[in-house]
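Trainee:
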Amino acid sequence: MKKIYSLLLLVLTTVSFGQVFTDNLNYPDNALLTSNGWTAHNGAGTNSPNVGVSNGLTYTGYSGLGGVSASAVGNAAQLDNTGEDVNKLFTTPVTTGTLYYSFLVNVVSGDAGYFTHLGNGTNFAARVFVKPSANAGKINFGISNTGTASYATVPTDFDLNTTYLIIVKYDVSTTGAASIWVKSAGVPATEAAAGAPEHSTSASGVANVAAVYLRQYSATQNITVDGILVYSTWFGATPCALTLNTETVACDAITLGIDTYTATIPFTGGNTGTYNLSVNAGTLGGASPTTNATGDIIISGIPEGTSITLTVSGTCGFTKTVASPECKPVNTLPYLESFPYTVGGSLNAEQKWSLVNTGDNIAIATGSLAYPGITASGNSITFVGTGGESRTLFTSTNTGYVYSSFIVNVSDLANVTTDLANTYFALFTDATGSTTNARVWVRKNGTQYQYGLGTGSAPTDWDTTLYNAGDIQYVVLSYDFTGNTLSLFINPTIGGSAAPTVAVTPATAFANLGGFMFRQDGATNTPTITADELRIDSTPNFTLGNQSNEITGLRIYPNPVSNGTLFIETSANAEKTVTVFDVLGKQVLNTTTSDNAINVASLHTGVYIVNITEEGKTASRKLVIR
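In this note's numbering, the protein residues as written are 1 to 626.
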């Protein structure tokens, strides 16, 4: 026994440099993880994960007393249900640098989901996903910093009932670059020797990592995890004197074609050995870390859309992955998009569109949608459930009006499980694309659906009209900067006139609008949607008798009205024509008056649109009657 302990001590001493966390999960037969230092953070007490009986995983060079994990093969964690999720804390949280997280895994069945990750209690990163492959009996592994899966464009197929070594590299920061390697044999001596990762991702990271997490996400999940190690270097290797610091990337041009970009990677700790550099794309230049203590490694001419991997070998062996920027232009107004792209492709792969968040992309669908008065061309787009959003930028606008219009078909509600659950699927953003403003909502209502409008986490108003799955609508979203009025028009007549179906007054006026997004929300609340013929402009393609030149000094009060009298004031206080429409667009009041007071006692409780015309100028406002 003493000899075994001495050997174990020797192995730990030789590999423990930079060790942050270790757990070989070799607890007593069938022991709960929560009885051995792990803490439940979700679903406590429900199908608690445990270890089995002699179910420890074996992998030459990693498991066993002679392996990296330095532990006798015994038991391993079983993630074989849905329910309790657990975590185990590091001795000290990590707030800078890089973490290398490795473990053995054997998947008996793997419905799509993530089963392990790093995090700090409320924020998670480096989530390892598994899913069934498109090829029967195979699985794929992926990695993402969010709850939305991300896999290689062409993922590698791996086998069920087979033990693999997974190595995750995570840069501890809010950008959180993460890479995953999946090995079927051997423990790479260096990061460079590991070769290209299976997949890399970035963004939405966390700058404080305090624990390892294990997750049970499906009743049909059956995954065994063993030999968890976390180091600050590749398997505890002596740190390299050469340090590659945070990179910068810059597009060489921004056009509708595939442009190139330049990556600049500053380094310190050079002139301390021989450092051989290679890249997977572009031209390598700049200062050499072999002969310079500090400097910039410059990689130029990298094709847009290609992430660059810089490999360092020689005295040290490691890699650095730099994500490609999007060199996509801002579209000028009027902006027309008929989606003339290859069917089945990703909308975000096109130069007018960018991916927001991660997940399944909005796809190009066959053919066009038809609406009277619109000549359609190209194809269309389709999306359903959860996934990445698609954003397009247009000329930033902060005066007058902005209109976006598109034909839409909500073709299937089968995946929407909750009646009247709110979700928004189309919206304006500001010029940076970072602030989501005017939102078009949709919700299932019985066997039908309806549209809503709002600016916050829930819609302000709903169109009362219900539509059937498969119906086609023409949807127009507009914002009036002068009057701070957000309007939604459903099925206006092209070339005709229309009043808003729904209109709201944002609590805070928009500073500018410069982006438009189609959005996928949740798996059970975004129905199957097809959209086509997007148009963004400063003028509509139908007549708006209630929106033209703004009336100076216009003020209506009180609003809501509860005493039957509405007051309308303007700078001119001239004769006005006042027309009121209900939410269905039906005119319910029309009067011409030189008086500021308007009798609205005949109107029932509800929401209305008031059109005011004075001296040839017209404006509209939302009115609430109580």
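Virtual Cβ for every residue (Gly too), placed ideally from N, Cα, C.
Looking at C-alpha atoms only, which residue of THR122, ILE568, PRO492 and LYS320 is the closest neighbour of LYS169?
Mentor: The candidate whose alpha carbon is nearest that of LYS169 is LYS320.
Trainee: Once the 5 residues before and after TYR608 are set aside, which same chain residues still bring their CB inside 8 Å of it?
Mentor: Correct list, in chain order: VAL580, PHE581, ASP582, VAL583, VAL588, LYS622, LEU623, VAL624 and ILE625.
Trainee: Could you compute how far the alpha carbon of GLN19 sits from the alpha carbon of TYR335?
Mentor: So the alpha carbons of these two residues sit roughly 55 Å apart.
Trainee: Would you mind stating whether PRO492 and PHE542 have Cβ atoms separated by less than 7 Å?
Mentor: Going by C-beta atoms, PRO492 is nearer than 7 Å to PHE542.
Trainee: Is it right to say LEU595 is buried, meaning 16 or more other beta carbons lie within 10 angstroms of its own, or is it exposed?
Mentor: Inspection of the sequence shows that residue 595 is occupied by Asp rather than by Leu. Classification for ASP595: exposed.
Trainee: Which residue marks the beginning of the beta strand (DSSP E) containing TYR213, and which one marks its end?
Mentor: Start and end: 209-214.
Trainee: Can you list, in chain order, the residues of its chain with a C-beta nearer than 8 Å to that of VAL15? Leave out the 5 residues immediately preceding and following it.
Mentor: Summary for VAL15: the model assigns pLDDT 40, below 50, so the residue's position carries little reliability, and this model does not support an answer.
Trainee: Report buried or exposed for PRO459, applying the criterion of at least 16 other Cβ atoms within 10 angstroms of its Cβ.
Mentor: Buried, because 16 or more other Cβ atoms sit within 10 Å of the Cβ of PRO459.
Trainee: Once DSSP output is grouped into helix, strand and coil, what is the label at GLN547?
Mentor: The predicted position of GLN547 is uncertain, since its pLDDT is 41 and thus under 50; no value can be drawn from it.
Trainee: Are the beta-carbon atoms belonging to THR528 and VAL408 less than 7 Å from one another?
Mentor: No, they are not a contact pair.
Trainee: Once you ignore the five residues that flank TYR341 on each side, which residues in its own chain have a CB closer than 6 Å to its CB?
Mentor: For TYR341, where only same-chain residues beyond five positions count, the Cβ hits under 6 Å are GLU350 and ILE364.
Trainee: Helix, strand or coil, according to DSSP, for THR482 in the structure here?
Mentor: The answer is coil: DSSP assigns THR482 none of H, G, I, E or B.
Trainee: Quick one: residues in its chain with C-beta nearer than 6 Å to the C-beta of GLY553, no 5 flanking neighbours on either side, listed in chain order?
Mentor: If we look at GLY553 and ignore the five residues flanking it on each side, its Cβ neighbours are THR570 and SER571.
Trainee: Counting only the same chain and skipping the five closest in sequence on each side, list residues whose C-beta sits under 8 Å from that of ASN161.
Mentor: If we look at ASN161 and ignore the five residues flanking it on each side, its Cβ neighbours are ASN106, VAL107 and VAL108.
Trainee: Around the Cβ of LYS2, are there at least 16 other Cβ atoms within 10 angstroms (buried) or fewer (exposed)?
Mentor: Annotation note: pLDDT 31 at LYS2 (below 50); position unreliable, coordinate value reported separately. Exposed, since its Cβ has fewer than 16 Cβ neighbours within 10 Å.
Trainee: Could you say which of SER602, ASP521 and THR593 lies nearest to VAL561 if we only look at CA atoms?
Mentor: The option with the nearest alpha carbon to VAL561 is SER602.
Trainee: Where DSSP assigns a beta bridge to CYS251, which residues make up the other side?
Mentor: DSSP lists TYR261 as partners of CYS251.
Trainee: Report yes if the C-beta distance between GLU198 and ILE180 is below 7 Å; otherwise report no.
Mentor: A contact, by the Cβ cut-off of 7 Å.
Trainee: Mind checking which residues open and close the beta strand (DSSP E) that includes GLN520?
Mentor: First-last for GLN520: undefined, no H or E at that position.
Trainee: Is the beta carbon of SER288 sitting closer than 7 Å to the one on THR306?
Mentor: Not in contact: SER288 and THR306 (Cβ atoms no closer than 7 Å).
Trainee: According to DSSP, which residues form a beta bridge with PHE228?
Mentor: According to the sequence displayed, residue 228 carries Ile and not Phe. Answer by DSSP bridge pairing, in chain order: ASP23.
Trainee: DSSP on ALA134, reduced to helix/strand/coil?
Mentor: Three-state DSSP puts ALA134 in coil, outside helix and strand.
Trainee: Hey, out of GLU575, VAL51 and ALA219, whose CA is closest to ASP111's CA?
Mentor: Checked all of GLU575, VAL51 and ALA219; the closest Cα to ASP111 is ALA219.
Trainee: If we count the other Cβ atoms within 10 Å of its Cβ and call it buried at 16 or more, is VAL343 buried or exposed?
Mentor: Classification for VAL343: exposed.
Trainee: Report buried or exposed for TYR557, applying the criterion of at least 16 other Cβ atoms within 10 angstroms of its Cβ.
Mentor: Exposed, since its Cβ has fewer than 16 Cβ neighbours within 10 Å.
Trainee: Our contact map puts ASN245 next to ASN271 with C-beta atoms below 8 Å; I'd like the distance itself, whole angstroms only.
Mentor: Not confirmed; about 16 Å, so no contact.
Trainee: With a 10 Å radius around its C-beta and 16 neighbouring C-beta atoms as the bar for buried, classify ALA134 as buried or exposed.
Mentor: Counting Cβ neighbours within 10 Å, ALA134 comes out exposed, since fewer than 16 surround it.
Trainee: In three-state DSSP terms, what is SER35?
Mentor: It is helical.
Trainee: Touch check for the region 369-389 and the region 515-522: three-plus C-beta pairs under 8 Å?
Mentor: Short answer: they touch.
Trainee: Going by the beta-carbon positions, is the gap between ILE143 and VAL128 smaller than 7 Å?
Mentor: The answer is yes: Cβ separation under 7 Å.
Trainee: Which residues in the same chain have their Cβ closer than 6 Å to the Cβ of VAL225, if we skip the five residues on either side of it in sequence?
Mentor: Excluding sequence neighbours, VAL225 sits near ALA77, PHE103 and VAL105.
Trainee: Got a sec? Which residues, its chain only, sit under 8 Å from SER6 by beta carbon, not counting five neighbours each side?
Mentor: For SER6, the predicted structure reports a pLDDT of 34, less than 50, and the residue's modelled location is therefore unreliable. A value from the coordinates is still provided. There are no such residues.
Trainee: Are GLY205 and ASN280 close, meaning C-beta to C-beta below 7 Å?
Mentor: No, these two residues do not count as a Cβ contact at 7 Å.
Trainee: Would you list the residues sitting across from LEU355 in a DSSP beta bridge?
Mentor: Paired residue(s): SER390.
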